[in-house]
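Every number in the working numbering is 2 more than the matching position in the sequence shown, counting from 1. Each remark here refers to the structure printed beneath this line.
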Amino acid sequence: MTAVDDRPTSLRGTMRAYVALTKPRIIELLLVTTVPAMIVAERGLPSLWLIAATLVGGTLAAASANTVNCYVDRDIDVHMHRTARRPLATDAISPGNALRFGIVLGVGAFVWLVAAVNLLSGLLAVAAILFYVFVYTLGLKRRSAQNIVIGGAAGCMPVLIGWSAVTGEVGLPAFVLFAIVFYWTPPHFWALALKYEDDYRAAGVPMLPVVAGKAETSRQILLYTVLLVSVTLIFGPIGQMGLIYLLAAVALGGGFVLLAWQLRRDPTEARAMRVFHYSIPYLALLFVAMAVDAIVIG
């Protein structure tokens, strides 16, 4: 597959291309975990200004990491149907401009968080950017089938940023929240990778389905799903959660395990996409439940 020339012909088109570089849908998913983490840390609703300031900084940090990821991966994006329309794959934006844009976003994230939130939150945001770019994108993605397991740690940082924004530190409950997102990432991403296995093979990216096949990938998805649900239950006493969270964790977790078990028995693309599509509202609803629980219990 070759690059498609899709250069924007207007200011509006150029702005859309730059926004697309940041992968807004991924940012939305990352921020879903930030506010509930802040509410649990506060044991109530933090100030709206602090929430807004933290979300702005988190958005800038995630946008920076995603933009630099697009810059690094521009050579393989043209070989994958899923990514062939990205701005750098279509020459809508020059690589140099994209890299500069990503760096400016990262610097902006750090400066904003230090000024509006606190130093720790700013440092955690920078750590997330550097980890995603250097450990995942440059170090693991093209070399290891465990790329998304280790590299996925970058996507867990919003909960630490949110927690530190409220408390000025990172405590044990925050690390358990980190673990929830950490164990959620492999079944979420590997389910999607099962659908796009041919894409990753064409691009030479050793995602687990390419390296180990559908059966082993589905087994790993089930394993990580069980670990995920176990960690969500452990968070109950550690995070001082009540019945609202416990019921949500059991019900949502049971649904996730069931879908993963069905995929393990019948590793088809259709079942993989059921797991993927369930995983997104699962994470959102789980964190909403813990936020509601923290507000109700106080």
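By construction, the Cβ of each residue, glycine as well, lies at the ideal position given by its N, Cα and C atoms.
Would you kindly work out how many angstroms separate the C-alpha atoms of L285 and T56, rounded to a whole number? If you draw a straight line from the Cα of L285 to the Cα of T56, it comes to about 20 Å.
Taking the Cβ atom as the reference point for each residue, do I297 and L265 lie within a distance shorter than 8 Å? At least 8 Å separates the beta-carbon of I297 from that of L265.
Can you grab the Cα-Cα spacing for the pair L235 / T92, in whole Å? Rounded to the nearest angstrom, the gap between the Cα atoms of L235 and T92 is 45 Å.
Inter-residue Cα distance where the pair is L230 and R267: L230 and R267: Cα-Cα distance of roughly 20 Å.
Are the Cβ atoms of P89 and L23 separated by less than 8 Å? Going by C-beta atoms, P89 is nearer than 8 Å to L23.
The alpha helix (DSSP H) that contains P38, what's its start and end? Its alpha helix (DSSP H) spans residues T36 to E44.
For G110, collect the residues of the same chain with a Cβ closer than 6 Å to its Cβ; drop the 5 residues on either side in sequence, then sort them by chain order. Around G110: L62.
Where do the ends of the alpha helix (DSSP H) carrying G153 lie? N149 to G153 is the extent of the alpha helix (DSSP H) around G153.
Roughly how many angstroms separate the alpha carbons of L220 and V259, rounded to a whole number? The identity of residue 220 in the sequence shown is Ser, whereas the question assumes Leu. So the alpha carbons of these two residues sit roughly 12 Å apart.
Where does Y253 land, buried or exposed, given buried means 16+ other C-beta within 10 angstroms? The sequence given here places Ala at residue 253; Tyr does not occur at that position. Looking at its Cβ environment, which holds fewer than 16 other Cβ atoms inside 10 Å, A253 is exposed.
Expected contact under 8 Å - CB spacing of A250 and V42 to nearest Å: About 13 Å separates the beta carbon of A250 from that of V42, a gap too long to meet the 8 Å contact definition.
Taking 6 Å as the limit between beta carbons, can you name the residues of its chain near C158, skipping five residues before and five after? Closer than 6 Å at Cβ, skipping near neighbours: F180, V183 and F184.
Please return the same chain residues whose Cβ sits closer than 8 Å to the Cβ of V34, not counting the five positions on each side in sequence. These residues qualify, in order along the chain: L285, A286 and F289.
Roughly how far, in whole angstroms, is the beta-carbon of A217 from the beta-carbon of A147, given that I think they are within contact range, below 8 Å? At roughly 14 Å, the Cβ-Cβ gap does not stay under 8 Å, so A217 and A147 are not in contact.
Classify F112 as buried or exposed, calling it buried when 16 or more other Cβ atoms lie within 10 Å of its own Cβ. Answer is buried; the Cβ neighbour count reaches 16.
In the structure shown, what three-state DSSP assignment does K143 receive? Three-state result, K143: coil.
Label S12 either buried or exposed according to how many other C-beta atoms from any shown protein chain fall within 10 Å of its C-beta, with 16 as the threshold for buried. Under this definition S12 is an exposed residue.
Can you tell me which of the three DSSP states L288 falls into? DSSP places L288 in the helix class (H, G or I) of the three-state scheme.
Collapsed DSSP secondary structure at T61 in the structure displayed: DSSP places T61 in helix when its eight states are reduced to three.
Write down every uninterrupted run of the alpha helix (DSSP H) in the segment 66–116 whose length is 4 residues or greater and which is fully enclosed by it, in chain order. Listed in chain order, they are 76–79.
Whole runs of the alpha helix (DSSP H) within the segment 209–265, excluding any shorter than 4 residues: Whole alpha helix (DSSP H) segments, 4+ residues: 210–240.
Contact check, G2 vs A39, beta carbons under 8 Å: In the structure as shown, the chain starts at 3 and stops at 300, and residue 2 therefore has no counterpart that could be examined.
Figure out for me which residue from D295, L132, P48 and A204 has the closest Cα to the Cα of S166. Residue P48 is the option with its Cα nearest to S166.
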